[in-house]
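Chains as they are written, first to last, in the numbering used here: chain G, 1 to 368; chain X, 1 to 368.
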């Protein structure tokens, strides 16, 4: 028996401002534009770390910059599942189904473990790469356990080891995407875990949550916008016209960040340091300052700064990902955070079960 | 841009007592032991309705006792997925994967529709029946669109049309399992939907949530207990010994209901009205009064009344379901509620994204 429920509080739609848990994993400080994972600044982690090191940090709390995390094998049954999916399958549906089938082939006893977190985080890039090849009529490529996760993913996607700059840019994207507090997908993963369900169920639910455009975004729109703003010169006219029409600019403004999104800053820094930038990144850097200047001039009252999507899109285009794979790539990066939250939830578990206001019909008899 | 977040409120672990949304679908009144769907008492719905009528009521608000809802077809790609799963796959993993693969084969545009809700609710019984046959080395059976959902499920499971009593008992179970406010799985379905993700993603996430024993229960334990309490006579001694040992009795007491669980009452009424009761139901009825009498005598301070699991187990055993299929059968019944909540969430949508208390390390430099 549990204690009687606490007295209900005022209803806050969308649980806005309602504290639903505690975490040691990340601090999102929207006012100051700061993001830390276990206390370490996101810019430092991107500058000196790698996705495997960051995932390990989130799971264990330990900083080991040389931590090794390759992509994982695809069980034969899961490969059969991937081959069965229609080639028109949406990538998020394919990833969700692949992880669900993977979970069906694994023993994943409660409580979730770091090994389980590693296993699903390393499985999913292989699954997404296999799906992308299969739908293009190509055979999947086996993981190379000597490669780190992001390099391995690109190798399995293209059949070639990526150049250092390409791998570095995508690794930086994976680091900034790894964790971000109680967003909707992470919160879902914690609710699933709170019932003592398994880590695959948590990740599957999180993928399905991130599939929604209010969470996973609409990355192709950022790409379209960058395509239209061809250079710094034409960008200025384009931005002024868009704002005059009342259009929303993609890649600027954020629900949480009032200041410059520290993830965008970290990605720009990596981009600026690259010897041979992909064209998309080159253009994004050129255009950004123009957009910010026009925004500040036309809307000084709004705190519209660059957000992470602005740099995510050119990074993902730059490494050759099709735009319809962007949300799935975002999901791959967030595996570290989802699974770290599953571990954290399980370590001090309590069923997450809110109350609901009934606003329906009074009690009544069925019609005769 | 959204408004600045509201001021944080005191932290309530597990969101206990926190109102996370509004609903017109059901009212759970734990103090008085009452449950209504759209205002209609659960006992009346079981006495005069059917699962198709109740599902339609939840989706549309309209009461049509003759509403027709058969089981649905399994797309060829999904059958390939089911055949690929190892025969040792846990039924909840199989159902989660089947619904995910089904979603991958469907167009499910936002917002979710009643047709989408019907489609996934009618698909899943066929998928679970096919899985149960495949793991037993039997071929799946095509749906018979002339049968109502519960009868069709039993037909696809066994190859035979069930007798009226068996179908009636399971239909009653499906009605009482159809909806129950903001339990963890339903809440998950609403969080997923709130991102504008699709109805299959919502149901997949809900199945993964219900897989957890804190939500989906441990039905085999109720079966074990009933096996040990062989008759009303031996039950009394068994219960007294169990309570003296401090053991928890399965099927008695509930997180929400202080009074007799109205779902258990409805199932008992159906059982009592059956001409030829399955042995399991006969025994459950005999034993229940003994247990309640001993509980009231030994623990008058506790409000331990019969809960729905006490009657769910003998109903499911009575229709010949293997105990490891019970949580999946529970999930089939809850499809109506999950999908009705997806429709309700979408109709007045707002992203569900709570806040979190950061309790981790202060900002720090990476080790040199």
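Here a beta-carbon is modelled for each residue, glycine too, at the ideal position from N, C-alpha and C.
For secondary structure counted as the alpha helix (DSSP H) over 4 or more consecutive residues, the segment 102 to 153 of chain G holds these complete runs in sequence order: 114 to 135.
Here residue 245 of chain X is exposed, its C-beta having fewer than 16 other C-beta atoms within 10 Å. For the segment 327 to 338 of chain X, the beta-carbon criterion of a distance under 7 Å to any beta-carbon of chain G is satisfied by none of its residues.
When the beta-carbon positions are compared, residue 270 of chain X and residue 172 of chain X come within less than 8 Å of each other. Under the criterion of beta carbons closer than 8 Å, residue 263 of chain X and residue 35 of chain X qualify as touching, at roughly 6 Å. Annotated three-state conformation of residue 185 of chain X is helix, per DSSP. In this structure, residue 186 of chain X places its C-beta atom within 8 Å of the C-beta atom of residue 337 of chain X. One thing to note: residue 238 of chain X has its Cβ within 8 Å of the Cβ of residue 229 of chain X. Apart from the 5 residues on each side of it in sequence, residue 327 of chain G sits with its Cβ closer than 8 Å to the Cβ of 91, 92, 210, 211, 216, 217 and 219 in its chain, given in chain order. Among the CB atoms of chain G, none fall inside 8 Å of the CB of residue 129 of chain X. Contact between the segment 301 to 311 of chain X and the segment 267 to 284 of chain X is established, with three or more Cβ pairs separated by less than 8 Å.
Contact annotation, residue 177 of chain G with residue 333 of chain G: C-beta distance approximately 3 Å; criterion of less than 8 Å satisfied. The DSSP assignment places complete alpha helix (DSSP H) segments of no fewer than 4 residues inside the segment 270 to 356 of chain G at 279 to 298, 308 to 318 and 326 to 347, in order along the chain.
With its beta carbon at least 8 Å from every one in chain G, residue 51 of chain X lies outside the interface. Contact of residue 63 of chain G with chain X is assigned, a C-beta pair being separated by under 8 Å. For residue 358 of chain X, the neighbours in chain G by C-beta distance under 7 Å run, in chain order, 23 and 27.
Contacts with chain X (Cβ-Cβ distance below 7 Å) from the segment 177 to 196 of chain G involve 181, 182, 183, 184, 187, 188, 191, 192, 194, 195 and 196, listed in chain order. In this structure, residue 49 of chain G lies near residue 65 of chain G, with their beta-carbon atoms less than 8 Å apart.
Setting aside the 5 residues that flank it on each side, residue 158 of chain X is surrounded in the same chain by 320, each with a C-beta closer than 8 Å to its C-beta; the list follows chain order. Close partners of residue 231 of chain X in chain G (Cβ separation under 8 Å) are lacking, with about 28 Å as the shortest Cβ gap.
At a Cβ-Cβ threshold of 8 Å, residue 318 of chain X and residue 200 of chain X do not count as neighbours.
Scanning chain G for C-beta atoms nearer than 9 Å to the C-beta of residue 215 of chain X yields 194, 195, 196, 197, 351 and 353, reported in chain order. Under the Cβ distance rule, residue 100 of chain X counts among the residues neighbouring chain G, one pair being separated by less than 8 Å.
Of the residues X:29, X:130 and X:227, the one whose Cα lies closest to the Cα of residue 323 of chain X is X:227.
By the neighbour-count criterion, in which 16 or more other beta carbons inside 10 Å mark a residue as buried, residue 339 of chain X falls on the buried side. Neighbours of residue 209 of chain G in chain X, taken as residues whose beta carbon is under 8 Å from its own, are 191, 192, 195, 197, 201 and 205 in chain order. One Cα belongs to residue 68 of chain X, the other to residue 149 of chain X, and the distance between them is close to 8 Å.
Residue 358 of chain G is not a Cβ neighbour of residue 307 of chain G, given a cutoff of 8 Å. The residues 185, 188, 189 and 338, in chain order, have a CB closer than 6 Å to that of residue 206 of chain G in the same chain once the five nearest residues on each side in sequence are set aside. Between residue 304 of chain X and residue 253 of chain X the beta-carbon gap is near 4 Å, inside 8 Å, which marks them as a contact.
Fewer than three pairs of CB atoms, one per stretch, sit closer than 8 Å, so the segment 121 to 134 of chain G makes no contact with the segment 135 to 148 of chain X. In the three-state reduction of the DSSP assignment, residue 191 of chain G falls in the helix class, which pools H, G and I.
For residue 257 of chain G, there are no C-beta contacts with chain X under 9 Å, since the nearest C-beta of that chain is about 11 Å from it.
Put simply, the backbone Cα of residue 163 of chain X is about 21 Å away from that of residue 72 of chain X. Cβ-Cβ separation between residue 84 of chain G and residue 77 of chain X: approximately 5 Å, consistent with a contact (criterion under 8 Å).
As computed with DSSP, residue 22 of chain X is found in a beta bridge with G:357.
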